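Trainee:
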Amino acid sequence: MTGQRRSRVQWRDETGSVSVFVAITAIGLMILAGLIADGGAKLRATQRAESIAAEAARAGGQAIDTRAIAHGRDLSIDVEQAVRAAQTYLTSAGVEGAVSVSDDGTRIQVHVTSQSRTVFLSLIGIGTLSANGNAAAVLVHSTTGQGP
Numbered sequence: 000m001t002g003q004r005r006s007r008v009q010w011r012d013e014t015g016s017v018s019v020f021v022a023i024t025a026i027g028l029m030i031l032a033g034l035i036a037d038g039g040a041k042l043r044a045t046q047r048a049e050s051i052a053a054e055a056a057r058a059g060g061q062a063i064d065t066r067a068i069a070h071g072r073d074l075s076i077d078v079e080q081a082v083r084a085a086q087t088y089l090t091s092a093g094v095e096g097a098v099s100v101s102d103d104g105t106r107i108q109v110h111v112t113s114q115s116r117t118v119f120l121s122l123i124g125i126g127t128l129s130a131n132g133n134a135a136a137v138l139v140h141s142t143t144g145q146g147p
């Protein structure tokens with residue numbers, strides 16, 4: 000049968016194409032998982048910094064200037080004692096921070112900076128992420144009940 004035509008279909012060789020797709024997808028998923036893991040660590044570090052700042056501000060806010068009260072002046076913070084108490088708390092928590100007291104002595108502000116180690120981002124040279132926290136304690140005094 001000489002009159003018969005043979006059709007020639009050429010198939011491209013796709014051997015290994017699925018492997019390339021899987022490898023690229025796997026790398027992308029690993030990067031995404033790394034960003035989620037290290038992003039979560041950054042979020043936890045920020046929450047910790049905020050919590051430490053709040054506790055340090057509370058510790059400093061306990062330093063009431065009793066001499067001022069004894070002399071009939073308004074309630075205020077003993078600045079030196081408040082800064083020392085807040086810094087002591089920051090040191091015991093293992094973080095660095097700045098403490099300031101308002102001019103009128105009724106507000107103590109604490110700013111905390113801490114570092115969070117990375118797991119996946121360290122593979123591309125980012126070994127730590129910085130986390131900041133801020134908090135303030137304000138002196139409020141009130142009287143309750145009826146006087147004598």
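For the sequence shown, numbering that gives the first Met the number 0 assigns the number 0 to the initial residue and increments by one for each residue that follows. From the three backbone atoms N, C-alpha and C, an ideal C-beta is built for every residue, glycine too. The structure presented is a predicted model; accordingly, all values stated were derived computationally and were not measured.
Would you call the CB atoms of THR105 and SER75 closer than 9 Å?
Mentor: Yes, Cβ-Cβ distance for THR105 and SER75 is below 9 Å.
Trainee: Counting along the chain, where does the beta strand (DSSP E) carrying THR127 start and finish?
Mentor: Unbroken beta strand (DSSP E) run through THR127: 127 to 137.
Trainee: In angstroms, rounded to a whole number, what distance separates the CA positions of ALA55 and VAL78?
Mentor: Computed Cα separation, rounded: 14 Å.
Trainee: Quick check on PRO147: does DSSP put it in helix, strand or coil?
Mentor: Because PRO147 carries a pLDDT of 49, less than 50, the predicted location of this residue cannot be relied on, and the following value inherits that uncertainty. If DSSP states are grouped into helix, strand and coil, PRO147 belongs with coil.
Trainee: Buried or exposed for ALA22, please, with buried defined as at least 16 other CB atoms from any protein chain shown within 10 angstroms of its CB.
Mentor: ALA22 is exposed by the Cβ-count criterion.
Trainee: Label LEU31 either buried or exposed according to how many other C-beta atoms from any shown protein chain fall within 10 Å of its C-beta, with 16 as the threshold for buried.
Mentor: Looking at its Cβ environment, which holds fewer than 16 other Cβ atoms inside 10 Å, LEU31 is exposed.
Trainee: Could you name the residues of the same chain whose beta carbon sits closer than 6 Å to that of ILE51, not counting the 5 residues immediately before and after it, in chain order?
Mentor: Once the five neighbours on either side are set aside, the close Cβ partners of ILE51 are ALA92, VAL94 and VAL111.
Trainee: Determine which residues share a DSSP beta bridge with GLU95 and list them.
Mentor: Bridge partners of GLU95: THR112.
Trainee: Looking at ILE107 and SER99, is the spacing between their C-beta atoms short of 9 Å?
Mentor: Contact: yes.
Trainee: Less than 6 Å between C-beta atoms, sequence neighbours within five positions excluded: which residues of the same chain meet that for GLY146?
Mentor: Only weak support exists for where GLY146 lies, its pLDDT of 46 falling under 50; the coordinates are left without a value.
Trainee: Quick one: what does DSSP say VAL19 is sitting in, helix, strand or coil?
Mentor: Residue state, collapsed to three classes: helix.
Trainee: Compute the Euclidean distance between the alpha carbons of ALA58 and SER18, then round it to the nearest angstrom.
Mentor: Distance between the alpha carbons of ALA58 and SER18: 59 Å.
Trainee: Reducing DSSP to helix, strand and coil, say where VAL78 ends up.
Mentor: Here VAL78 sits in helix by DSSP.
Trainee: My assumption, with CB atoms under 8 Å, is that LEU128 sits in contact with LYS41. Please give the rounded CB distance.
Mentor: The Cβ separation is near 5 Å, so the contact holds.
Trainee: Do you know how far the Cα of GLY96 is from the Cα of ALA48?
Mentor: Computed Cα separation, rounded: 10 Å.
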